[in-house]
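Asker: Heads up: the sequence shown begins at 2 in this note's numbering, then just goes up one per residue. Dropping a structure here in structure tokens format, bear with me for questions.
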Amino acid sequence: MPKPFMNVADLLARARGQVDGVDADTLLAHALGKDRSWLFAHAKDVVPAELMASFESMLQRRIAGEPVAYLTGRHGFWTLDLEVGPATLIPRPETELLVELALARIPERQPAHIADLGTGSGAIALAIASERPQARVIATDVSTAALEVARRNAVHQEIANVEFRCGDWFAPLQSETFDIIASNPPYIAEGDPHLDKGDLRFEPAMALSCGPDGLNAIRTIVGHAGAHLDAGGWLLLEHGWDQGDAVRGMLADAGFIDVETVRDLEGRDRVTLAHRL
2 MPKPFMNVAD
12 LLARARGQVD
22 GVDADTLLAH
32 ALGKDRSWLF
42 AHAKDVVPAE
52 LMASFESMLQ
62 RRIAGEPVAY
72 LTGRHGFWTL
82 DLEVGPATLI
92 PRPETELLVE
102 LALARIPERQ
112 PAHIADLGTG
122 SGAIALAIAS
132 ERPQARVIAT
142 DVSTAALEVA
152 RRNAVHQEIA
162 NVEFRCGDWF
172 APLQSETFDI
182 IASNPPYIAE
192 GDPHLDKGDL
202 RFEPAMALSC
212 GPDGLNAIRT
222 IVGHAGAHLD
232 AGGWLLLEHG
242 WDQGDAVRGM
252 LADAGFIDVE
262 TVRDLEGRDR
272 VTLAHRL
């Protein structure tokens, strides 16, 4: 148990012996309502008992495996500080590749119609909308709880050119068509042992896995995307490192052209994109 009174440096030293150092810093900064740089400038400051208790509670939950992003309720993605919670996935850095590839196909300062399927916290939709204010972005998700988070993120970030709709994949889009359809759908195979490890244990299962090979959601999206893309429109899909071949085959079979898989910074297949005639 911690001493009744401890300073910032002592609390951090003890916590870093139990969890990753960055996690310890982030949790203490959050408990104190400060940023990480403040911790080092005020290392000898005594932490009030009630704030120390809050930090200790978060520390124990982190030791049990709960993600830091869920403990603080915030996570950075692109240039945005987003609210996240158990109803949403925690946005990953590799998903920024999907945003980069989408933005490269959306002209600046021109109208465009974009769809983000399975938006979760709204990370992809909001990142695109923030960079392309002339675009109209429609973001869908079957989870009403996730959409509540996404809508709060839009308000917090003061991004007005995004509309959130509830429903499964294309269902809320009716007969609308788009210049770009982007999605980071569930793609982990059901029963994959990674689902029982690390942060994945706490994230929503429906947003992580779909089908025996993990590709059921991608099959659905590819099968219906053609009817929702304007001529010359693009479909961009994030997927697992070993699924590039399968996704390229689906897109080719569905009549898409210019099918390409782009690797992430670790050299792994990450996003496959294709063009509609």
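A virtual CB, placed ideally from N, CA and C, is assigned to each residue, including glycine.
(1) Would you kindly check if the distance between the Cβ of L238 and the Cβ of V248 is under 8 angstroms?
(2) Start and end of the alpha helix (DSSP H) containing D200?
(3) For V20, name the three-state secondary structure that DSSP assigns.
(4) Excluding the 5 residues preceding and the 5 following R106 in the sequence, name in chain order all residues of the same chain whose CB lies nearer than 7 angstroms to its CB.
(5) Are the beta-carbon atoms belonging to G245 and T262 less than 8 angstroms from one another?
(6) Once the 5 residues before and after E204 are set aside, which same chain residues still bring their CB inside 6 angstroms of it?
(7) Only counting the same chain, and skipping five residues up and downstream in sequence, which positions put a Cβ closer than 8 angstroms to that of R110?
(8) For F6, tell me which candidate among V47, G22, G34, S38 has the shortest Cα-Cα distance.
(9) Identify the continuous alpha helix (DSSP H) that holds F179 and give its terminal residues.
(10) With a threshold of 7 angstroms on Cβ separation, who are the neighbours of N217 within its own chain once the five nearest residues in sequence on each side are excluded?
(11) Starting from G224, trace the alpha helix (DSSP H) both ways and give me its first and last residue.
(12) The beta strand (DSSP E) with T89 in it runs from where to where?
(13) Just the Cα atoms here: how many angstroms apart are V223 and R62?
(14) Kindly provide the ranges of any alpha helix (DSSP H) runs that are 4 or more residues long and lie completely inside the stretch 60-145, ordered along the chain.
(15) What is the rounded straight-line gap between the Cα of L83 and the Cα of D24?
(16) Return yes when the Cβ of P94 is within less than 8 angstroms of the Cβ of T141, no when it is not.
(17) Reducing DSSP to helix, strand and coil, say where R277 ends up.
(18) Go ahead and label A54 buried or exposed: buried means 16 or more other beta carbons lie within 10 angstroms of its beta carbon, across all protein chains shown.
(19) Within 10 angstroms of its Cβ, does G123 collect 16 or more other Cβ (buried), or is it exposed?
(20) Mind checking who N8 pairs with in its DSSP beta bridge?
Answerer: Result, derived from the coordinates:
(1) yes
(2) That residue, D200, is in no alpha helix (DSSP H); it is neither H nor E in DSSP.
(3) coil
(4) I181, W235
(5) yes
(6) L90
(7) Only residues of its own chain outside the window of five on either side were considered, and among them Q135 have a CB closer than 8 angstroms to the CB of R110, listed in chain order.
(8) V47
(9) Segment 179-184 is the beta strand (DSSP E) holding F179; no alpha helix (DSSP H) there.
(10) C211
(11) Counting along the chain, the alpha helix (DSSP H) containing G224 begins and ends at 217-226.
(12) Careful: T89 lies outside any beta strand (DSSP E) and carries neither H nor E.
(13) 39 angstroms
(14) 69-73, 97-104, 124-132
(15) So the alpha carbons of these two residues sit roughly 18 angstroms apart.
(16) no
(17) Of the three classes helix, strand and coil, the one that applies to R277 here is coil, per DSSP.
(18) With a 10 Å radius around the Cβ and a threshold of 16 neighbouring Cβ atoms, A54 comes out exposed.
(19) In the assembly as shown, G123 is a buried residue. Its beta-carbon has 16 or more other beta-carbons within 10 Å.
(20) V47
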